[in-house]
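**Student:** First the structure, then my questions, so here it is.
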Amino acid sequence: MPHAPKTGRKIIFLAIALLCTTLLAAQKTQDANQPKYDLSTETTLKGMVEEVKVPAGAKEIAHLTVKAGTVSVDVYLCPKSFLDDMGISFSKADEVAITGSRIKQGDADLILAREVVKGTDTLVLRDAKGNPIW
C-alpha cells in the first residue's frame, strides 16, 4: 500500500503531460493556418475605407477594404472583440493610414495591419515585431 500514492502521482503527472502535449499540438496546428506578419514586407498606405467587414463572432477577424489610389486592398485588423474593447469603429469613406505587412494567403493579397491611424486616433494592433497585442 505505501506505493499507491507514488503510482497515483505518476498517473496524474502522465495525464497532465498528455493534456499539455495535445493542447500544444492543437495550438501549433491553429497557428500554422494563421497568416504570419512579415517585417520584410511592411508598408504604409493611405486611403479611404470602401467596406467594413465586422463578423458576428467576437473572435473572428474584422477587416477593411481600403482604396488607395486606383487599387483596393483587403486589410486584416484584429478580432472584433478587441475593436469593441478599444471603442474604435470604422465607417465607409473614413480616411485611414495603415502600416502593415503585405502577405499572400492562398490566392489573395492582403495586409495584416500593425497600426491604423484615423483622424487623430491611432489604433496599435501589433508590437514592433508584428506580434498581436490582443
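FYI, in the working numbering the residues of the sequence shown are 20 to 153. Virtual Cβ for every residue (Gly too), placed ideally from N, Cα, C. What you are looking at is a predicted structure, and each value in this text was computed from that prediction instead of being measured.
The beta strand (DSSP E) that contains Lys137, what's its start and end?
**Tutor:** Note, Lys137: beta strand (DSSP E), 127–137.
**Student:** Mind checking whether Val85 and Glu69 have CB atoms under 8 Å apart?
**Tutor:** Contact: yes.
**Student:** In the DSSP assignment, the alpha helix (DSSP H) including Asp103 goes from what residue to what residue?
**Tutor:** Unbroken alpha helix (DSSP H) run through Asp103: 99–105.
**Student:** Which value, in whole angstroms, describes the spacing of the CA atoms of Tyr56 and Gly149?
**Tutor:** Tyr56 and Gly149: Cα-Cα distance of roughly 6 Å.
**Student:** Is DSSP giving Leu58 helix, strand or coil here?
**Tutor:** Helix at Leu58.
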